[in-house]
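Asks: Take the sequence shown: its position 354, counting from 1, is numbered 354 in the UniProt record's numbering, and each next residue is one higher.
Built from N, CA and C at the ideal position, the CB exists for glycine as well.
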Amino acid sequence: MEPEITGPLRVEAGVYRAGAAPGDPAPYAGEDSFTFVRVKVRDGDGITGEGFTGRFCAAEVAHLLNGAVAEALAGPVSLPELARKLNPRGMTGVVVSALSALEVAFWDLAGKRAGKRVAALLGGARDGASVDVTCGFPALEMGALVEACAAEVVAGAHGVKVLVAAKGRSVAEDIARVRAVREAIGPEAGLIADANCGWDLQSALEFARGAADLGLSFLEEPVRGNDRHALARLAAEGAVPLGAGQMEQSPERFELLAEAGVAVIQPNAVFAGGIGAAVALAQAAEARGCAVSPAGGWDIVNLHWMCGAMGAGAVELHRAQGRIARLLMARPPEMSGGRLVVSEAPGLGLCPDEEALAACRVG
């Protein structure tokens, strides 16, 4: 599934680091937490598509987009042809990140050309999705953590996500924090613990066993490197369902996650190869009996393919990433009645704040 766009096109990419506004959550994954790559693709009629990928090797991704990609798209070449040229051996890393951003931009461009939102181009399965809100940040002390999560559930969130394996806390401390949130939000609301690949197998097993009575929706990416053997051991334990995949880039890796017993597959279009790749991965996961719930931020992109092509599944609303969304949309998606609703505007519905983006451009 690819948008039908070929060159010649003008390509321009840059690296940006979104700054904080009062009340924004603090970064928890390093100083570059809110660094991202933006690529603009302009056709002969002057219509521009916008695409994005995350912080990993951002300068190198932008360099590839401004170099080999821009050179190739100056002539009559399609995205599949370009992918075969740049990635003939199915590599991951910089090349897939660059192609992810480019493919997202192609969908945005296709939607603007057609006067339709991307979700409609993908089938328009639904106009909105239920929401799991990432709000349980490591910097929050217990009282503030419980208050933040409870407020999201009161506002209608399908569930909340609490980050664990961070700030040097012990497994026992993390279990206590998640337990306090469960007591505050009640037994019906969804509750996800997200370790961001932070534990070894023994620590993950200790957490899963200690949290087995908390009714977790799933435990997200508990072990380092998404090690499939460790995940299989955890899945066999059966204490809690597992989720993984938010920054994986290879279809084969997603297959291995499902084979390991991961119950919730989590492709993110800005990392996994683009919107078409995310849809294909999600549909393959559903065929295996897995649930689908993208993670890793970028709801402004993932909402479109989840609502366009998938009839079920929640979308993550990442409160810490709000500072990026504000740069790209005048009114970023917000929960209404417990759902995120897709904008009616063509393409991805973006309205970039060019002045603010220029101020936070890196290099």
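Is the beta carbon of G123 closer than 8 Å to that of G313?
Replies: By 1-based counting over the sequence shown, the position of residue 313 is 313. By 1-based counting over the sequence shown, the position of residue 123 is 123. No, the Cβ-Cβ distance between G313 and G123 is not below 8 Å.
Asks: Nearest CA to the CA of F218: which residue from C290, S250, A139?
Replies: Taking the first residue of the sequence shown as 1, we reach residue 218 at position 218. Out of C290, S250, A139, C290 has the C-alpha closest to the C-alpha of F218.
Asks: So, at 7 Å on beta carbons, what are the nonlocal neighbours of P251 in its own chain, with the 5 sequence-adjacent residues on each side left out?
Replies: Locating residue 251 in the sequence shown gives position 251, counting from the first residue. Counting only Cβ-Cβ distances below 7 Å, and skipping sequence neighbours, we find L281.
Asks: Measure the Cβ-Cβ separation of H318 and T134 and say whether it is below 8 Å.
Replies: On the sequence shown, position 318 is the one that residue 318 refers to. On the sequence shown, position 134 is the one that residue 134 refers to. Taking 8 Å as the Cβ cut-off, H318 and T134 qualify as a contacting pair.
Asks: Using a Cβ cut-off of 8 Å (strictly closer), state whether Y28 contacts chain B.
Replies: Reference to chain B is not applicable here, since this structure consists of a single protein chain.
Asks: Within the segment 215-243, note down every full beta strand (DSSP E) run reaching 3 residues or more, in order along the chain.
Replies: 218-220
Asks: Within the continuous beta strand (DSSP E) that includes G12, where are the two ends?
Replies: The count along the sequence shown starts at 1 and reaches residue 12 at position 12. As written in the sequence, residue 12 is Glu, which differs from the Gly given in the question. Counting along the chain, the beta strand (DSSP E) containing E12 begins and ends at 10-17.
Asks: In terms of residue numbering, what span does the alpha helix (DSSP H) encompassing I275 cover?
Replies: Translated into positions along the sequence shown, residue 275 becomes position 275. 275-287 is the span of the alpha helix (DSSP H), which, as asked, contains I275.
Asks: Once the 5 residues before and after L201 are set aside, which same chain residues still bring their CB inside 8 Å of it?
Replies: Here residue 201 corresponds to residue number 201 of the sequence shown, with the count starting at 1. Excluding sequence positions up to five before and after L201, its CB lies within less than 8 Å of the CB of V223, D227, A230, R233, L234, all in the same chain and listed in chain order.
Asks: Enumerated in chain order, which unbroken segments of the alpha helix (DSSP H) with a length of 4 residues or greater are wholly contained in the segment 26-76?
Replies: 58-64, 70-73
Asks: Judging by CA-CA distance, which residue of G46, Y16, E31, P25 is the nearest neighbour of G7?
Replies: The residue you call residue 7 lines up with position 7 of the sequence shown. Cα-wise, what sits closest to G7 is G46.
Asks: Per DSSP, which residues does I265 bridge with? Please list them.
Replies: Position 265 of the sequence shown holds residue 265. Listed as beta-bridge partners of I265 by DSSP are A244, V292.
Asks: Can you give the Cα-Cα distance for residue 364 and P333, rounded to whole angstroms?
Replies: In the structure as shown, the chain starts at 1 and stops at 363, and residue 364 therefore has no counterpart that could be examined.
Asks: Quick one: Cα of V301 to Cα of V270, how far?
Replies: Against the sequence shown, residue 301 aligns to sequence position 301. Against the sequence shown, residue 270 aligns to sequence position 270. So the alpha carbons of these two residues sit roughly 8 Å apart.
Asks: Among L73, K40, S97, V77, whose alpha-carbon lies nearest the alpha-carbon of Q249?
Replies: Your numbering for residue 249 matches position 249 in the sequence shown. Minimum Cα distance to Q249 is reached at S97.
Asks: How should C351 be labelled, buried or exposed, when 16 other C-beta atoms within 10 angstroms of its C-beta is the threshold for buried?
Replies: Working through the sequence shown from its first residue, we reach residue 351 at position 351. Sixteen is the threshold: since fewer than 16 other Cβ atoms of the shown chains lie within 10 Å of the Cβ of C351, the residue is exposed.
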